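6 is the number of the first residue of the sequence shown in the working numbering; add one for each residue after it.
Backbone N, C-alpha and C fix where the C-beta goes; we use that ideal spot for every residue, glycine too.
None of these values were measured; they are calculated from a predicted model.
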Amino acid sequence: MAQCRLTDFFARRRPGLRDKPTRTKPAWRTPSPAKPAPRAPAPGPGSSRKRARSPAEPTRDEPAPPARRRLRLPANAVAGPSSPAAAGSPEHSPPQSTETKKAALSAGQRPWLAAQEDKVPSKVTLSELKSCLQRAQELGARVRELKASAQKSAGEASAPEARGHPAGLCGEQMPAYQRFHALAQPGPPGLVLPYKYQVLAEMFRSMDTIVSMLYNRSETVTFTKVKQGVQDMMRKRFEERNVGQIKTVYPGSYRFRQERYIPTFKDGVRRSDYQLTIEPLLDQQAGSAAPQLTASHLLQRRQVFSQKLVARVREHHRAFLASLNPPMEVPEDQLTRWHPRFNVDEVPDVEPAELPQPPAVEKLASAQEVLARARSLMSPRMEKALSDLAQRTAQPSSPQPPSPALPATPPATPPAALKGVSQALLERVRAKEAQQQLARMTRRPEHEQRLQRLERLPELARVLRSVFVSERKPALTMEVACARMAGSYRAAMSPGEMEKHVQLLSELLPDWLSLHHIRTDTYVKLDKAADLAGVMAQLARLARAEAAL
Numbered sequence: 006m007a008q009c010r011l012t013d014f015f016a017r018r019r020p021g022l023r024d025k026p027t028r029t030k031p032a033w034r035t036p037s038p039a040k041p042a043p044r045a046p047a048p049g050p051g052s053s054r055k056r057a058r059s060p061a062e063p064t065r066d067e068p069a070p071p072a073r074r075r076l077r078l079p080a081n082a083v084a085g086p087s088s089p090a091a092a093g094s095p096e097h098s099p100p101q102s103t104e105t106k107k108a109a110l111s112a113g114q115r116p117w118l119a120a121q122e123d124k125v126p127s128k129v130t131l132s133e134l135k136s137c138l139q140r141a142q143e144l145g146a147r148v149r150e151l152k153a154s155a156q157k158s159a160g161e162a163s164a165p166e167a168r169g170h171p172a173g174l175c176g177e178q179m180p181a182y183q184r185f186h187a188l189a190q191p192g193p194p195g196l197v198l199p200y201k202y203q204v205l206a207e208m209f210r211s212m213d214t215i216v217s218m219l220y221n222r223s224e225t226v227t228f229t230k231v232k233q234g235v236q237d238m239m240r241k242r243f244e245e246r247n248v249g250q251i252k253t254v255y256p257g258s259y260r261f262r263q264e265r266y267i268p269t270f271k272d273g274v275r276r277s278d279y280q281l282t283i284e285p286l287l288d289q290q291a292g293s294a295a296p297q298l299t300a301s302h303l304l305q306r307r308q309v310f311s312q313k314l315v316a317r318v319r320e321h322h323r324a325f326l327a328s329l330n331p332p333m334e335v336p337e338d339q340l341t342r343w344h345p346r347f348n349v350d351e352v353p354d355v356e357p358a359e360l361p362q363p364p365a366v367e368k369l370a371s372a373q374e375v376l377a378r379a380r381s382l383m384s385p386r387m388e389k390a391l392s393d394l395a396q397r398t399a400q401p402s403s404p405q406p407p408s409p410a411l412p413a414t415p416p417a418t419p420p421a422a423l424k425g426v427s428q429a430l431l432e433r434v435r436a437k438e439a440q441q442q443l444a445r446m447t448r449r450p451e452h453e454q455r456l457q458r459l460e461r462l463p464e465l466a467r468v469l470r471s472v473f474v475s476e477r478k479p480a481l482t483m484e485v486a487c488a489r490m491a492g493s494y495r496a497a498m499s500p501g502e503m504e505k506h507v508q509l510l511s512e513l514l515p516d517w518l519s520l521h522h523i524r525t526d527t528y529v530k531l532d533k534a535a536d537l538a539g540v541m542a543q544l545a546r547l548a549r550a551e552a553a554l
């Protein structure tokens, strides 16, 4: 008797370990409601503790189903084409959701759940679809009503501001570099022009340059030549509308005419076509030759054009000041900057003036005109045919519908935050604010520079005292003191500008800082025993007092 090996014991206990079959996808079948799946028999007391294999799971002896097999219902579960079950067949079933697929996969392990899922209807009725569609339409109408009410309330809230700020072009949103162009200008604030006005001024300068070159060569200046030259210089579109704007701002700059028989050397333009010609208007002295458009003329005309643009912005600014509460009035010769709430870049564009148009050439556009012109040259038969055609093409002119009346502007209402505040107190606050704005708008550039220096003096006083403490000298020359202060101050400043601050400091506090001129040098002497906090507080108080004037 051959000796048994130890591995034979495991082979007899678990025969599937030796030649394990390929694991394939079992064929899941949906059980029929009429024939429920048989339950597994309960284990008896003498049975083994191993789990019974489900009938849907393939055994080792049975042939394994193919890996890719289409899900098909049993023959007894398939109904006719008119039955509700036919709609759930694989050929006519809609795409299943993830939950449905998971439930179908677990149906083989839990067959009692599959019988309950078959009772759920898989087709939505027509009444449910109609109710969902009606609900969606109601929600859409509700959304449109909310949007309309929100736009109406926003328009009413911005109505007072819209009267103060001029509207833009056609209500379209301009880019940020155009809307905030005035805020990004370097240097102190002044009478800054809007972005579109500066572009128009640059167009006038380019146009004047091209016209001067052609005019000094005694060449006929046409719009076609000027357009090409200006577009090459500015890299922007230049059209007749821009020429009309230039004429509106500066009417005495050019003379415009429509002329023909001008050599153009182009295939698309005929000599008999009318062209817009441009001629600069210059002051011609009696008995002198034809004047030339020199560089001095160009500079003078550019300055005049810029002044006229500023004058147009002044008119809109004056209207804005009149619309404030309380109204403000600033003399034109004292105005040095715009009001802080005046949006310069929202000033309306210049309306283009009308340019000369080519004379109207009579053209035959209808059959009636042809009949009236060539009545004597055609036969009666052709005349009758043309008259019939004229009657068929004639259409009565439709009356113009009356223009709707514009709604009246609602009166300005006080904001909700000021509800309950005394009207007299509001009037006093507004009057004080208007006085401060008036002082700012009429402030001279020299006064503005003095105020800026006064704001820097408290910190410069602290820096100057630290310089004297570190140097351990009772007096320093102006050059050394200004160089040390410029190197210690937080902002970049030249020694010459620092010297002006030191002189202003000695002018305001002569007891604390004194200047001594000895021969060719100026010495600065500081009282280091004085209280620095008191000195800085006094300088801040002087700056506030002068700014309030």
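| Query | Result |
| --- | --- |
| Three-state secondary structure (DSSP) at Gln289? | coil |
| From the DSSP output, in three-state form, read off Ala480 for me. | strand |
| Report the rounded CA-to-CA distance for Ala535 versus Glu464, giving the unit in angstroms. | 16 Å |
| Provide the residue span of the alpha helix (DSSP H) that contains Ser511, from first to last. | Pro500 to Leu513 |
| Pairs of beta-carbons, one from the stretch 304-316 and one from the stretch 230-248, closer than 8 Å: are there three or more? | no |
| Tell me which same chain residues have a C-beta within less than 6 Å of the C-beta of Ala548, skipping the five on either side of it? | Leu459 and Glu460 |
| Looking at C-alpha atoms only, which residue of Lys230, Leu298, Asp354 and Ser211 is the closest neighbour of Ser282? | Reading the sequence as shown, one finds Thr at residue 282 and not Ser. If we check each option's Cα against that of Thr282, Lys230 comes out closest. |
| Report buried or exposed for Asn348, applying the criterion of at least 16 other Cβ atoms within 10 angstroms of its Cβ. | buried |
| By Cβ distance, which residues of its chain are closer than 6 Å to Leu287, with the 5 residues on each side in sequence left out? | Pro296 |
| Helix, strand or coil for Ile251, going by three-state DSSP, please let me know. | helix |
| Quick check: is any heavy atom of the ligand GDP less than 7 Å from the C-beta of Cys137? | In terms of ligand content, the structure shown is empty, and the ligand GDP therefore cannot be addressed. |
| What is the DSSP secondary structure of Phe270, reduced to helix, strand or coil? | coil |
| Buried or exposed for Phe270, going by 16 or more other Cβ atoms inside 10 Å? | exposed |
| Out of Pro500, Leu469, Thr525 and Ala496, which one is the CA nearest neighbour of Val540? | Leu469 |
| Exposed or buried, Val474, counting other C-beta atoms within 10 Å across all chains shown (16 or more means buried)? | exposed |
| Where does the unbroken alpha helix (DSSP H) through Phe261 begin, and where does it stop? | Careful: Phe261 lies outside any alpha helix (DSSP H), inside the beta strand (DSSP E) at Tyr259 to Glu264. |
| Where Ala146 and Pro353 are concerned, what is the direct C-alpha to C-alpha distance, given to the nearest angstrom? | 37 Å |
| Could you tell me the alpha carbon to alpha carbon distance between Tyr528 and Ala466, rounded to whole angstroms? | 16 Å |
| Using 10 angstroms around the beta-carbon of Lys437, count the other beta-carbons present and answer buried if the total reaches 16, otherwise exposed. | exposed |
| Might you give, ordered along the chain, the residues of its own chain that have their beta carbon closer than 6 Å to the beta carbon of Pro363, omitting 5 neighbours on each side? | Gln263 and Tyr279 |
| Over the uninterrupted beta strand (DSSP E) stretch that includes Leu518, give me the two end residues. | Leu518 to Ile523 |
| Going by the DSSP bridge assignment, what does Thr341 pair with across the sheet? | Answer is none; Thr341 lacks a bridge partner. |
| With DSSP as the reference, please indicate the residues paired to Thr227 in a beta bridge. | Thr282 |
| Closest to Met490 by C-alpha separation, out of Glu504, Leu205, Ala480 and Pro479, would be which residue? | Glu504 |
| In the DSSP output, which residue or residues are listed as bridge partners for Val529? | Leu481 and Leu520 |
| In angstroms, rounded to a whole number, what distance separates the CA positions of Trp517 and Met446? | 35 Å |
| Leaving out five residues before and five after Lys533 in sequence, what residues of the same chain have Cβ atoms less than 8 Å from its Cβ? | Arg470, Phe473 and Val474 |
| Would you identify the three-state DSSP class for Val335, choosing helix, strand or coil? | coil |
| Report yes or no: do the stretch 220-238 and the stretch 324-332 share at least 3 C-beta pairs separated by less than 8 Å? | no |
| Check whether the Cβ atoms of Thr214 and Leu303 lie closer than 8 Å to each other. | yes |
| Roughly how many angstroms separate the alpha carbons of Pro165 and Gln428, rounded to a whole number? | Because the pLDDT of Pro165 is 42, which lies under 50, any placement of that residue in the model is unreliable, and the number read from its coordinates should be weighed accordingly. For Pro165 and Gln428, the distance between alpha carbons rounds to 18 Å. |
| So, Arg276 versus Pro285, is the Cβ gap smaller than 8 Å? | no |
| How many Å lie between Leu520 and Arg449 at the Cα? | 28 Å |
| For His522, count neighbouring C-beta atoms within 10 Å of its own C-beta (all shown protein chains included) and say buried if the count is 16 or more, exposed if not. | exposed |
| Assign Cys137 to buried or exposed, taking buried as 16 or more other Cβ atoms, counted over all protein chains shown, within 10 Å of its Cβ. | exposed |
| Chain C beta carbons: is any one of them nearer than 8 Å to that of Leu481? | In the structure shown, chain C does not exist; there is a single protein chain. |
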